[in-house]
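Asker: Before we start, here is the structure in question, set down as structure tokens.
In my numbering, the protein residues as written are 283 to 431.
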């Protein structure tokens with residue numbers, strides 16, 4: 283029988299800088315570039331295409347890390363796909379279904395549009411109430427870069 287082991291996934295990796303060290307976690311700041319970061323004209327892009335993000339990551343030996351150190355954040359590619367599903371695909375499908383339902387019931391585009399927007403309120407409220415469970419599921423590891431000792 284074929285079994286799928288998600289531990290063997292590809293990884294999503296980002297270089298970052300340690301901004302805080304706790305007992306079990308390390309907070310790392312990464313610079314998230316837009317999707318065009320591989321473009322030959324990326325030097326001409328404005329600073330609006332970049333965003334600083336702080337990520338809390340698990341470190342086996344957090345005392346080995348210090349503030350200002352460059353590190354590598356690693357997350358599972360599989361979990362990245364799940365995050366996209368939760369953050370973008372499911373809300374889109376919910377909105378689309380709500381538009382279709384309300385257009386069928388009321389034949390009014392305004393009502394359908396507002397209903398599609400308002401259906402997101404309970405969706406994101408449910409996500410908010412489950413944030414602790416999601417935080418435990420979507421985990422990043424922090425690793426030292428080879429140049430750091």
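Note that beta-carbon positions come from the ideal geometry of N, C-alpha and C, so glycine has one too.
Could you check the C-alpha separation between residue 406 and residue 301 for me, to the nearest Å?
Answerer: The straight-line gap from Cα to Cα measures roughly 29 Å.
Asker: Since residue 296 sits in a beta bridge, which residues does DSSP pair it with?
Answerer: Note: residue 296 sits in a beta bridge opposite 355.
Asker: Determine the closest residue to residue 413 out of 377, 369 and 374, with distance taken between C-alpha atoms.
Answerer: Comparing Cα-Cα distances from residue 413 to each of 377, 369 and 374, the minimum goes to 369.
Asker: Please go through the same chain and pick out, in chain order, the residues whose beta-carbon is closer than 6 Å to the beta-carbon of residue 289, but skip the five residues on each side of it.
Answerer: Model confidence at residue 289 stands at a pLDDT of 49, short of 50, so the residue's coordinates are unreliable and nothing is read from them.
Asker: Using the Cα positions of residue 309 and residue 365, report the straight-line distance between them to the nearest angstrom.
Answerer: The straight-line gap from Cα to Cα measures roughly 20 Å.
Asker: Let me see if you follow: with CB-CB separation under 9 Å, is residue 313 close to chain B or not?
Answerer: The structure shown contains no chain B, having only a single protein chain.
Asker: If distances are taken between C-alpha atoms only, which option among 350, 358, 353 and 376 comes closest to residue 403?
Answerer: Selected option, being the one with the closest Cα: 376.
Asker: Just curious, the alpha helix (DSSP H) that residue 379 is in, first and last residue?
Answerer: Note, residue 379: alpha helix (DSSP H), 372–388.
Asker: Is the Cβ-Cβ distance between residue 354 and residue 298 less than 9 Å?
Answerer: Against a cut-off of 9 Å, the Cβ pair of residue 298 and residue 354 comes out as a contact.
Asker: Does residue 357 pass the burial test, meaning 16 or more other C-beta atoms within 10 Å, or should it be called exposed?
Answerer: It is buried - the Cβ of residue 357 has at least 16 other Cβ atoms within 10 Å.
Asker: Out of curiosity, what's the CA-to-CA distance linking residue 336 and residue 390?
Answerer: Whole-angstrom Cα-Cα distance: 43 Å.
Asker: Just curious, the beta strand (DSSP E) that residue 401 is in, first and last residue?
Answerer: First-last for residue 401: undefined, no H or E at that position.
Asker: Let me confirm a value: residue 333 is counted as buried when at least 16 other C-beta atoms fall within 10 Å, else exposed. Which label applies?
Answerer: Per the 10 Å Cβ criterion, exposed.
Asker: Using the three-state DSSP reduction, which class does residue 289 fall into: helix, strand or coil?
Answerer: No answer about residue 289 holds up, because its pLDDT of 49 lies below 50 and its placement is not dependable.
Asker: What did DSSP end up calling residue 366 once you bin it into helix, strand or coil?
Answerer: In the structure shown, residue 366 sits in a helix (DSSP, three-state: H, G or I).
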